[in-house]
Amino acid sequence: MTITVAIVDDHEAIRLGFAGACQQRGLQLVGSAPTVDELIPQLATKPQVIVLDLSLADGSEPAANVKSLIDHGCEVVIFSIADRKSQVRAALGAGAAALITKSQQMDDLFACIELVADGTIVNTTETIAAIDSDQEFKVKLTERELEVVRLYASGLSLKQVAFQLEVSNSTAKEHIDRVRVKYSEVGRPIRGKSELLIRLIEDDQYPGDLL
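Be aware that the sequence shown starts at 4, since it is given in the working numbering, and climbs by one per residue.
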């Protein structure tokens, strides 16, 4: 199935270059604009992934742009110089799936697009560095919550976790649900067990001897 994409960048040369690269790689470009507002009317084409620059000439806020695109049912990959950590954190906090800097290879961008279109959260060095430098992105878990989610993320079933910790299934599930809510509140949603493991590793909450 062909991946459908769109791009928002205020540099025409970048938009044209991206269009050519899409054609070479077999992706379908269904939208292109210098601002998010100008792209919105094109979203009837339902692009799976939108490539978004952080700093646009219209002065729009990265977080607002990301939220607007996500509200239209699209995944967002940030493609930017990314020299302002605050902008990166704001975009990630608003729900952007990944960050690729413009100093990286075009192959990196398209590999990222394919992963995001497949539902994978991509953690680049730049993404992790932005999260790492902002304590507000880190989630504070209780000792019991950590016990439960570490076991669950390690591959045990909910029933096995409950048995090992000598609690009921419903209690174990409550802890996991509470952890999901905490991560969602800081804009770092968990959509599966593998993403739970990623979040714990990002926050240094998963011991190396369990990997």
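For each residue, glycine too, the CB sits at the ideal point set by N, CA and C.
Between the Cα of residue i and the Cα atoms of the options, which residue gives the shortest distance?
i      : options                           : result
Ala66  : Ser83, Arg92 and Thr174           : Arg92
Gly34  : Leu159, Glu205 and Ile10          : Ile10
Val142 : Ile73, Ile201 and Ile6            : Ile201
Val80  : Ser63, Val119 and Ser173          : Val119
Leu95  : Val69, Gln208, Gln167 and Gln107  : Val69
Leu159 : Thr145, Glu146 and Ala175         : Ala175
Val39  : Ser187, Ser71, Thr5 and Val8      : Ser71
Val8   : Lys49, Lys196, Ile43 and Glu15    : Lys49
Ala101 : Asp110, Pro192, Val125 and Gln108 : Val125
His14  : Leu59, Gln107, Leu42 and Val152   : Leu59
Ala99  : Gln167, Tyr209, Val189 and Asp206 : Val189
Val146 : Gln208, Asn172 and Ala22          : What sits at residue 146 in the sequence shown is Glu, not Val. When each option's Cα is compared against that of Glu146, the closest is Gln208.
Met4   : Ser173, Asp121 and Gly76          : Asp121
Phe21  : Gln108, Arg181 and Gly76          : Gln108
Lys196 : Val170, Gln167 and Val151         : Val151
Arg191 : Ala97, Leu144 and Ile6            : Ala97
Asp180 : Leu144, Glu205 and Gln167         : Leu144
Ser63  : Asp12, Thr123 and Gln167          : Asp12
Ala47  : Gly23, Gly76 and Asp61            : Gly76
Going by DSSP in three states, residue i sits in which element: helix, strand or coil?
i      : result
Gly34  : strand
Ile17  : helix
Leu144 : coil
Glu120 : The sequence given here has Ala at residue 120, not Glu. Ala120: helix per DSSP, three-state reduction.
Val151 : helix
Ser187 : helix
Val79  : strand
Leu214 : The predicted model places Leu214 with a pLDDT of 46, which falls under 50 and marks its position as unreliable; any figure quoted below should be read in that light. Leu214 falls in the coil class under three-state DSSP.
Ala24  : helix
Leu59  : coil
Gln208 : coil
Met4   : coil
With distances taken between CB atoms, is the gap from residue i to residue j smaller than 7 Å?
i      : j      : result
Glu198 : His178 : no
Cys25  : Leu32  : yes
Glu78  : Val52  : yes
Phe113 : Arg194 : no
Ser89  : Asp56  : no
Leu203 : Ala165 : no
Asn172 : Lys162 : yes
Leu42  : Ala36  : yes
Ile103 : Asp110 : no
Following the continuous beta strand (DSSP E) through residue i, name the residue where it begins and the one where it ends.
i     : result
Leu55 : Val52 to Leu55
Ala9  : Thr7 to Val11
Taking the alpha helix (DSSP H) that residue i falls in, what are its first and last residues?
i      : result
Ile204 : Lys196 to Glu205
Ala66  : Pro65 to Asp74
Glu41  : Val39 to Leu42
Q: At 4 residues or longer, and completely inside the stretch 82-117: list those alpha helix (DSSP H) runs for me, N to C.
A: 88-96
Q: Scan the stretch 156-182 and note each continuous beta strand (DSSP E) run of 3 residues or more that stays entirely inside, going in chain order.
A: none
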